[in-house]
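Novice: This is the structure I have questions about; it appears just below.
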Amino acid sequence: MRIVALAGGIGGARFLRGLREAIGPEDEITVIGNTGDDIHLFGLKVCPDLDTVMYTLGGGIHEEQGWGRTDETWSIKAEMKEYGVGPEWFGLGDRDFATHLVRSQMLTAGYTLSQVTEALCVRWRPGVRLLPMSDDRVETHVRITDEQGSRAIHFQEYWVKLHAAVDAEAIVPVGADTAKPAPGVLEAIAAADVILFPPSNPVVSIGTILAVPGIRAAVAAASAPVVGLSPIIGGAPVRGMADKVLAAVGVAATAEAVALNYGSELIDGWLVDTADEAAVAAVEAGGIACRAVPLLMTDVPATAEMARAALALAEQVRA
1354 MRIVALAGGI
1364 GGARFLRGLR
1374 EAIGPEDEIT
1384 VIGNTGDDIH
1394 LFGLKVCPDL
1404 DTVMYTLGGG
1414 IHEEQGWGRT
1424 DETWSIKAEM
1434 KEYGVGPEWF
1444 GLGDRDFATH
1454 LVRSQMLTAG
1464 YTLSQVTEAL
1474 CVRWRPGVRL
1484 LPMSDDRVET
1494 HVRITDEQGS
1504 RAIHFQEYWV
1514 KLHAAVDAEA
1524 IVPVGADTAK
1534 PAPGVLEAIA
1544 AADVILFPPS
1554 NPVVSIGTIL
1564 AVPGIRAAVA
1574 AASAPVVGLS
1584 PIIGGAPVRG
1594 MADKVLAAVG
1604 VAATAEAVAL
1614 NYGSELIDGW
1624 LVDTADEAAV
1634 AAVEAGGIAC
1644 RAVPLLMTDV
1654 PATAEMARAA
1664 LALAEQVRA
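Everything in the sequence shown is counted per my numbering, starting at 1354 for the first residue and increasing by one.
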């Protein structure tokens, strides 16, 4: 079985770890990773979502945080502060710095982001094929209004520095409209037996991937069933502040609203948590097969059960 998953950061990475446990040794997973969160800091190219997937599946993630490296130290950050060089609000640990140094050196030498990601995965051996959504530069920006007036800021500043304390007025994936899918992305979608939308942020993770011309159309045209898992449980995000960015695109923070926003032309099946079982009928009325199952990723076995439920729904839809 050839599985393609569109994935953002922590939620996507943790789901993939369960998915990897749920499949057989002959099955293959291709992950199309969001690069809209990418940012240039200290002269380095930082790819938070790609790295979170790579570290999580490779056994190097800081489990409590869900991002960054385990057993991290912060000497470089402390030295940068002494020099008065920021931003201080974005923390890069010493081990993490090494990844960004290698990536930036390779990019400067002329390698593409796809080639760099493949090279980095040689060390981490994540057990999946990890592809960036595009080799072109795409950065998600957020329009806000604060004491400085109306302005657009990088998503990382909105999320990490401001903690989404200001309402998001618009989400703009800058550069997405002219970006091209990375090599292998469209081919993987076309060849897939199952396509999954993990419980990643539907606006700034999966939504940004789908904003790259050609990817949404490829998913919609795929012969494989497309099944998503709700990142919203009981009217609130499981993790993070997805409700803030959903509001910016006019979508309510409910499992039902997220499914219907994707639409039956894009997804065939949708899993909601048992707490949202009342939403099943409305989702199915929208032409999307829906089931209620436990969706809290409390540990790897629980996450593997979620993945099995998604694959089972895909089979039901295919039949």
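Every residue, glycine too, gets a C-beta built ideally from N, C-alpha and C.
Please read these numbers as outputs of a predicted model, since none were measured by experiment.
CA-CA distance, Gly-1616 and Gly-1622?
Specialist: As a position in the sequence shown, residue 1616 is number 263, starting the count at 1. As a position in the sequence shown, residue 1622 is number 269, starting the count at 1. One C-alpha to the other measures close to 10 Å.
Novice: Whole angstroms are fine: how far does the CA of Val-1481 sit from the CA of Ala-1649?
Specialist: As a working mapping, residue 1649 is identified with position 296 in the sequence shown. As a working mapping, residue 1481 is identified with position 128 in the sequence shown. It is worth fixing the name first, because residue 1649 is Leu in this sequence and not Ala. Between Leu-1649 and Val-1481, the C-alpha separation is close to 23 Å.
Novice: Under a Cβ-count criterion, where at least 16 other Cβ atoms within 10 Å of its own Cβ denotes burial, should Ser-1576 be classed as buried or exposed?
Specialist: The residue given as residue 1576 occupies position 223 in the sequence shown. Counting Cβ neighbours within 10 Å, Ser-1576 comes out exposed, since fewer than 16 surround it.
Novice: Would you check if the distance between the CB atom of Ala-1451 and the CB atom of Pro-1485 is smaller than 7 Å?
Specialist: In the sequence shown, counting from the first residue as 1, residue 1451 sits at position 98. In the sequence shown, counting from the first residue as 1, residue 1485 sits at position 132. Result no, Cβ atoms of Ala-1451 and Pro-1485 do not sit closer than 7 Å.
Novice: Could you tell me whether the stretch 1492-1511 touches the stretch 1568-1588, using the rule of 3 or more Cβ pairs below 8 Å?
Specialist: no
Novice: Identify whether Phe-1550 lies in helix, strand or coil by the three-state DSSP scheme.
Specialist: Indexing the sequence shown from 1 puts residue 1550 at position 197. Reduced to three states, the DSSP call for Phe-1550 is strand.
Novice: When DSSP builds the beta bridges, which residues end up paired with Gly-1502?
Specialist: Here the question's residue 1502 lines up with position 149 in the sequence shown. Asp-1499.
Novice: What does a CB cutoff of less than 6 Å around Ile-1429 pick up in its chain, not counting 5 residues either side in sequence?
Specialist: As a first step, residue 1429 must be located in the sequence shown, where it is residue number 76. For Ile-1429, where only same-chain residues beyond five positions count, the Cβ hits under 6 Å are Asp-1447 and Phe-1450.
Novice: Check whether the Cβ atoms of Ser-1487 and Ala-1532 sit closer than 7 Å, and answer yes or no.
Specialist: Position 134 of the sequence shown, counting from 1, holds the residue named residue 1487. Position 179 of the sequence shown, counting from 1, holds the residue named residue 1532. Yes, these two residues count as a Cβ contact at 7 Å.
Novice: Please report how far the alpha carbon of Glu-1387 lies from the alpha carbon of Ile-1363, in whole angstroms.
Specialist: Indexing the sequence shown from 1 puts residue 1387 at position 34. Indexing the sequence shown from 1 puts residue 1363 at position 10. A quick correction: the sequence has Asn, not Glu, at residue 1387. Answer to the nearest angstrom: the Cα atoms are 12 Å apart.
Novice: When you compare each of Glu-1630, Phe-1443 and Leu-1515 to Leu-1394 by their alpha carbons, which one comes out closest?
Specialist: Mapped onto the sequence shown, residue 1394 falls at position 41. For the residues Glu-1630, Phe-1443 and Leu-1515, the minimum Cα distance to Leu-1394 belongs to Phe-1443.
Novice: Going by the DSSP bridge assignment, what does Lys-1597 pair with across the sheet?
Specialist: Taking the first residue of the sequence shown as position 1, residue 1597 is located at position 244. None, per the DSSP bridge assignment.
Novice: Give the straight-line distance between the Cα atoms of Val-1625 and Ala-1375, rounded to the nearest whole angstrom.
Specialist: The sequence position of residue 1625 within the sequence shown is 272, counting from 1. The sequence position of residue 1375 within the sequence shown is 22, counting from 1. So the alpha carbons of these two residues sit roughly 19 Å apart.
Novice: Please state if the CB of Ala-1360 and the CB of Ser-1553 are separated by a distance shorter than 7 Å.
Specialist: As a first step, residue 1553 must be located in the sequence shown, where it is residue number 200. As a first step, residue 1360 must be located in the sequence shown, where it is residue number 7. In this structure, Ala-1360 lies closer than 7 Å to Ser-1553 by Cβ.
Novice: Quick check on this structure: which residue in Ala-1505, Ala-1529 and Pro-1526 has the alpha carbon closest to the alpha carbon of Val-1519?
Specialist: Within the sequence shown, numbered from 1, the residue matching residue 1519 stands at position 166. Looking at the Cα atoms, Ala-1505 is the closest of the given residues.
Novice: Extract the residue ranges of the alpha helix (DSSP H) inside the stretch 1431-1495, only unbroken runs of 4 or more that lie entirely within it.
Specialist: 1447-1461 and 1466-1477
Novice: Check whether the Cβ atoms of Ala-1573 and Pro-1584 sit closer than 7 Å, and answer yes or no.
Specialist: Position 220 of the sequence shown holds residue 1573. Position 231 of the sequence shown holds residue 1584. No. Outside cutoff.
Novice: Please confirm whether Ala-1662 and Leu-1372 have their CB atoms less than 7 Å apart.
Specialist: The residue given as residue 1662 occupies position 309 in the sequence shown. The residue given as residue 1372 occupies position 19 in the sequence shown. It is not a contact, given that the beta carbons lie outside the stated cut-off.
Novice: How would you write the range of the beta strand (DSSP E) that Ile-1356 sits in, first residue to last?
Specialist: Here residue 1356 refers to the residue found at position 3 when the sequence shown is read from its first residue. Per DSSP, Ile-1356 belongs to the beta strand (DSSP E) from 1355-1360.
Novice: Cutting at 7 Å between CB atoms, please list the residues of its own chain near Val-1602, excluding the five before and the five after it.
Specialist: Numbered from its first residue, the sequence shown carries residue 1602 at position 249. Around Val-1602: Ile-1524 and Val-1556.
Novice: Could you have a look at Lys-1514 and say whether DSSP puts it in helix, strand or coil?
Specialist: Numbered from 1 along the sequence shown, position 161 holds the residue referred to as residue 1514. Three-state result, Lys-1514: helix.
Novice: Using DSSP bridges, identify the partner residues of Cys-1400.
Specialist: Stepping through the sequence shown from its first residue, residue 1400 is reached at position 47. Cys-1400 is not bridged to any residue.
Novice: Report the rounded CA-to-CA distance for Ala-1541 versus Met-1354, giving the unit in angstroms.
Specialist: For this step, residue 1541 is matched to residue 188 along the sequence shown. For this step, residue 1354 is matched to residue 1 along the sequence shown. Their Cα atoms are separated by approximately 12 Å.
Novice: My understanding is that Glu-1609 touches Ala-1635, with C-beta atoms under 8 Å, so please give their C-beta distance in whole angstroms.
Specialist: Counting from one through the sequence shown, the residue named residue 1609 turns up at place 256. Counting from one through the sequence shown, the residue named residue 1635 turns up at place 282. That belief holds up - the Cβ atoms of Glu-1609 and Ala-1635 are roughly 5 Å apart, short of 8 Å.
Novice: Spatial neighbours of Lys-1597 within its chain, please: C-beta separation below 8 Å, excluding the five flanking residues on both sides.
Specialist: Here the question's residue 1597 lines up with position 244 in the sequence shown. Taken in chain order, the residues that qualify are Ala-1517, Asp-1520 and Ala-1521.
Novice: Are the CB atoms of Leu-1410 and Arg-1370 nearer to each other than 7 Å?
Specialist: By 1-based counting over the sequence shown, the position of residue 1410 is 57. By 1-based counting over the sequence shown, the position of residue 1370 is 17. Yes, Cβ-Cβ distance for Leu-1410 and Arg-1370 is below 7 Å.
Novice: With DSSP as the reference, label Ala-1657 as helix, strand or coil.
Specialist: Locating residue 1657 in the sequence shown gives position 304, counting from the first residue. Helix.
Novice: Between which two residues does the beta strand (DSSP E) holding Arg-1367 run?
Specialist: Locating residue 1367 in the sequence shown gives position 14, where the first residue counts as 1. From DSSP, Arg-1367 is part of no beta strand (DSSP E) but of the alpha helix (DSSP H) over 1363-1375.
Novice: Return the CA-CA distance between Ile-1356 and Asp-1380, expressed in angstroms with no decimal places.
Specialist: The residue you call residue 1356 lines up with position 3 of the sequence shown. The residue you call residue 1380 lines up with position 27 of the sequence shown. Using only the alpha carbons, I get a separation of about 8 Å.
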